[in-house]
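Please read the structure below before turning to the comments.
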Amino acid sequence: MASKFKSVNSKSCNNHGESVEEKEEVEQLFFKGKSFCLDFPTSLSPTKKSQYTQFIKKNGGKIDFSITSKTNYYITHHSNIISQSLRTKNALKLNIAILLDTFIYDCFNNKINSLDFINYLYINGVPANETINETVIENSISQTFFFLCDILSTFEHNTKPSLSTNDSLRISSDDSDSCSSFVEEEEEDRLSESSYGLDMFSVNSDSDYHPHITKTLPTITTTTTTTTTTTSTTTTPTKKTIFNPITSTKIFSPTSLISKSSNLFTPTITTASSISSPLISTSTLTTNLFDSITNDINKSNKPLSKFELLLLQKKENADKKKIEIQKIEEEKKRIKDEQLELKRKEKQEKLEVAQKEKQIKIESEKERRKFVLEKTKSSLSPDQLIKLTKSNITVNNNNNNNSNNNNKNNINNKLKSTSFGLQIDHEGIRIKKEQEKQDRLKKVEIEKETKKREKEERTRLYHGNKIELERIEKEEKIRKQKESLEAFLKRQEKRLAKEKKEQKEREELKQNGIDAAVTTTVVVKEPEVDEDLRKLFVGGVNCDDITNKLIDPKKLEKIRERRIQELLKLFDKFGQVQKRTINSSKGLFFITYKDIESCTKAVEFYSTPDNRKFAIEEITKKPKKSPLYNPNQKFYVKLVKSNEKAKKKQFFDKNKIENLKITAKNELQKEEDAEFADWKVAK
Numbered sequence: 001m002a003s004k005f006k007s008v009n010s011k012s013c014n015n016h017g018e019s020v021e022e023k024e025e026v027e028q029l030f031f032k033g034k035s036f037c038l039d040f041p042t043s044l045s046p047t048k049k050s051q052y053t054q055f056i057k058k059n060g061g062k063i064d065f066s067i068t069s070k071t072n073y074y075i076t077h078h079s080n081i082i083s084q085s086l087r088t089k090n091a092l093k094l095n096i097a098i099l100l101d102t103f104i105y106d107c108f109n110n111k112i113n114s115l116d117f118i119n120y121l122y123i124n125g126v127p128a129n130e131t132i133n134e135t136v137i138e139n140s141i142s143q144t145f146f147f148l149c150d151i152l153s154t155f156e157h158n159t160k161p162s163l164s165t166n167d168s169l170r171i172s173s174d175d176s177d178s179c180s181s182f183v184e185e186e187e188e189d190r191l192s193e194s195s196y197g198l199d200m201f202s203v204n205s206d207s208d209y210h211p212h213i214t215k216t217l218p219t220i221t222t223t224t225t226t227t228t229t230t231t232s233t234t235t236t237p238t239k240k241t242i243f244n245p246i247t248s249t250k251i252f253s254p255t256s257l258i259s260k261s262s263n264l265f266t267p268t269i270t271t272a273s274s275i276s277s278p279l280i281s282t283s284t285l286t287t288n289l290f291d292s293i294t295n296d297i298n299k300s301n302k303p304l305s306k307f308e309l310l311l312l313q314k315k316e317n318a319d320k321k322k323i324e325i326q327k328i329e330e331e332k333k334r335i336k337d338e339q340l341e342l343k344r345k346e347k348q349e350k351l352e353v354a355q356k357e358k359q360i361k362i363e364s365e366k367e368r369r370k371f372v373l374e375k376t377k378s379s380l381s382p383d384q385l386i387k388l389t390k391s392n393i394t395v396n397n398n399n400n401n402n403s404n405n406n407n408k409n410n411i412n413n414k415l416k417s418t419s420f421g422l423q424i425d426h427e428g429i430r431i432k433k434e435q436e437k438q439d440r441l442k443k444v445e446i447e448k449e450t451k452k453r454e455k456e457e458r459t460r461l462y463h464g465n466k467i468e469l470e471r472i473e474k475e476e477k478i479r480k481q482k483e484s485l486e487a488f489l490k491r492q493e494k495r496l497a498k499e500k501k502e503q504k505e506r507e508e509l510k511q512n513g514i515d516a517a518v519t520t521t522v523v524v525k526e527p528e529v530d531e532d533l534r535k536l537f538v539g540g541v542n543c544d545d546i547t548n549k550l551i552d553p554k555k556l557e558k559i560r561e562r563r564i565q566e567l568l569k570l571f572d573k574f575g576q577v578q579k580r581t582i583n584s585s586k587g588l589f590f591i592t593y594k595d596i597e598s599c600t601k602a603v604e605f606y607s608t609p610d611n612r613k614f615a616i617e618e619i620t621k622k623p624k625k626s627p628l629y630n631p632n633q634k635f636y637v638k639l640v641k642s643n644e645k646a647k648k649k650q651f652f653d654k655n656k657i658e659n660l661k662i663t664a665k666n667e668l669q670k671e672e673d674a675e676f677a678d679w680k681v682a683k
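Residue numbers for the sequence shown follow UniProt numbering, beginning at 1 and rising by one.
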């Protein structure tokens, strides 16, 4: 009994190890030989991305950096599919299948099988679950499982596995009965599952997916060269095989989506040359089974699924659309060619009509000219006809002679046109043209002369008017000056008369013994002292002692201003200053005192060099920001105007006023005399 349980446990362990290997083979079946373009979300870490790419490469897949026509699957996240990014649009344009990135995550974490990709697949931007029926998926799963069970049952019935030294499973002969009973129970379950598959593919099945297909089971006949043949009978297995097929209801074979064959699926299996030879291991059997399925998929008689029929129908519709588009384009091209041909014919017809009209006009012109010649000849007398013929002969002779002698004057004199029997005097025409030309030139000259005279007249008038205006302005100016002078003299006479009257009144009051100070107070103002006599000039304030040539001119100007300000403070101690005028750009300034004494004191003090030097030393002792602000000793002080000049100016001003008064008085006297003379004459 213990050996029996031991054999069962060892068998289950062996099955688990082989199932892992088979799972890896199934993963490779999906990824192997296919190229994938990955577009993971930015939130995914770089380590995870590298793990997923290594997982695809490990299972035989290839990674494309961009979507091309050779790409099989485009793996991206859900938001890119909904919003249709640039890569998604490119994949849809190239008819590339799109998978969600969660498919790779689940495969990597062993949550799903790689063949269960139907829930992650998108076809033309639409989930495959919505486009493919669940019945189609179930039929495909049941059909695949059905054939696998039949193949395994034939191997279990006709062959006995021989255990190698590498196998860890060892079954004792004592446990054969228990093992056979265990196999029989499991075989009954599998037969019930196969009968379920038969019901799905029977004619009376409710499914409408290929009801006309019947099941065929493969059997193996043992001969010297053993081959597999198909019969309608089933065999009863004696022992349980080690192979355990994956019976997930979610499995959907990728070959049903990719294959374009419409044949039925009938796999062929080759066995060893003799029954007694050792069988291959379960893992190699599985790989051979899947290789035979994938290699002979195009040669098999597998029934088409609804999805494959849909793809074929779409392809047929696309071909029909292409043919229709081609027909439409050909029809458009034919219509366009017809229109071009019509336009070409219309243009040709118009050209022919125009050519005919032109020919008719030429013929009519010929007839007209012929008629005119006949008419002129009929109207001429016989003598004129003789002259006409002679003139033609002479013209020909003259032309020959002129061509030999190259005499142009003889040609102009002797050449006579005989067109329509008329003679044309070319010399007379030439003379007439020259005369007309001379007349035109004379006319142009006359027009120029008239324009010139008009211009001179305008300039003369302009200058005459200008002189007249200047004379009028001058007279107006003299008149205004005269009026202003007369008004001034009248005001002056009134003031003098008023002063005389007041003087007379004061004298009368003195004679009467009344003090004049009591009655009237006359304020006698002293004449103001001339401002120039109270003003002094200070110059020579410069920056010649600064030898640095790289100094900024603005800084030099600032230094000069500070030096002037320092010197101005020195002149405040001589008296009260009334006004200061500074010109820092020239290095000078003016100071006006209230009295002449202060001005003379300042000038006398700074006229000596020692005092100027002492003043500069006082300035240097004061604290300053920079020693450059100290002025140099080259400044000088002088009066603006001396007393003698002021007296001379006052004298000349007084004489000028007196002369003006005399001239004004004389003018008034002349006017009064003229008025008196006019009055006398009128009287």
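Quick reminder that beta carbons are idealized off the backbone N, C-alpha and C, glycines included. Only a predicted model underlies this, so the values are computations on that prediction, with no experimental measurement involved.
{"Item": "Length at least 3, wholly inside the UniProt domain \"BRCT\" (26–111): the beta strand (DSSP E) runs in chain order", "Value": "35–39, 62–64, 73–76 and 97–100"}
{"Item": "Cα-Cα separation, residue 121 to residue 98", "Value": "6 Å"}
{"Item": "Any beta strand (DSSP E) of 3 or more consecutive residues that is wholly inside the UniProt domain \"RRM\" (534–642)", "Value": "535–539, 577–583, 588–593 and 636–639"}
{"Item": "Paired residues, beta bridge with residue 122 - DSSP", "Value": "98 and 127"}
{"Item": "Neighbourhood of residue 106 by C-beta distance below 7 Å, restricted to the same chain and skipping five residues each side", "Value": "112"}
{"Item": "Boundaries of the alpha helix (DSSP H) in which residue 371 is found, first to last residue", "Value": "306–379"}
{"Item": "Cβ neighbours of residue 548 in the same chain (closer than 6 Å, five flanking residues each side left out)", "Value": "none"}
{"Item": "Among 117, 126 and 116, the one whose alpha carbon lies nearest that of residue 83", "Value": "126"}
{"Item": "With 16 other Cβ atoms within 10 Å as the buried cut-off, status of residue 491", "Value": "exposed"}
{"Item": "When 543, 575, 480 and 430 are compared against residue 561, the one with the closest alpha-carbon", "Value": "543"}
{"Item": "Buried/exposed call for residue 450, threshold 16 Cβ in 10 Å", "Value": "exposed"}
{"Item": "The region 529–541 / the region 589–603 touching (three or more Cβ pairs under 8 Å)", "Value": "yes"}
{"Item": "Helix, strand or coil at residue 115 according to DSSP, with G and I counted as helix", "Value": "coil"}
{"Item": "Collapsed DSSP secondary structure at residue 512 in the structure displayed", "Value": "coil"}
{"Item": "Cβ-based neighbour list, residue 667, same chain, cut-off 8 Å, excluding 5 preceding and 5 following", "Value": "482, 485 and 486"}
{"Item": "Beta-carbon proximity check, residue 489 vs residue 670, cutoff 8 Å", "Value": "no"}
{"Item": "Nonlocal neighbours in the same chain, by C-beta distance under 7 Å from residue 67, ignoring five residues either side", "Value": "37, 74, 87, 90, 91, 94 and 96"}
{"Item": "Collapsed DSSP secondary structure at residue 151 in the structure displayed", "Value": "helix"}
{"Item": "Stretch-stretch touch, CB-based, cutoff 8 Å, three pairs: the region 574–587 with the region 625–632", "Value": "no"}
{"Item": "C-alpha distance - residue 282 paired with residue 153, whole-angstrom precision", "Value": "The pLDDT assigned to residue 282 is 41, lower than 50, so where the model puts this residue is not dependable, and the model offers no usable value."}
{"Item": "Nearest-angstrom Cα separation, counted from residue 359 out to residue 377", "Value": "27 Å"}
{"Item": "Distance, residue 452 Cα to residue 467 Cα", "Value": "23 Å"}
{"Item": "Simplified DSSP state of residue 303, which is helix, strand or coil", "Value": "coil"}
{"Item": "Assumed close pair residue 30, residue 56 - CB separation to whole angstroms, cut-off 8 Å", "Value": "Not really, about 10 Å apart at Cβ, beyond 8 Å."}
{"Item": "Top-ranked residue by Cα proximity to residue 34, from 64, 456, 563 and 352", "Value": "64"}
{"Item": "Identity of the residue in 140, 656 and 652 nearest residue 308 by Cα", "Value": "140"}
{"Item": "Buried or exposed (CB count within 10 angstroms, at least 16 for buried), residue 567", "Value": "buried"}
{"Item": "Status (buried if at least 16 other CB within 10 Å, exposed otherwise) for residue 550", "Value": "exposed"}
{"Item": "Reference residue 314; option with closest CA among 45, 381, 124 and 641", "Value": "124"}
{"Item": "Residue 425, DSSP secondary structure in three states", "Value": "coil"}
{"Item": "Unbroken stretches of the beta strand (DSSP E), 3 residues or longer, contained in the region 453–514", "Value": "none"}
{"Item": "With 16 other Cβ atoms within 10 Å as the buried cut-off, status of residue 41", "Value": "exposed"}
{"Item": "C-beta contact flag for residue 602 and residue 635 at 8 Å", "Value": "no"}
{"Item": "Cβ-based burial, residue 652 [other Cβ within 10 Å; buried from 16]", "Value": "exposed"}
{"Item": "Reduced DSSP secondary structure (H/G/I, E/B, other) of residue 221", "Value": "Annotation note: pLDDT 36 at residue 221 (below 50); position unreliable, coordinate value reported separately. Strand."}
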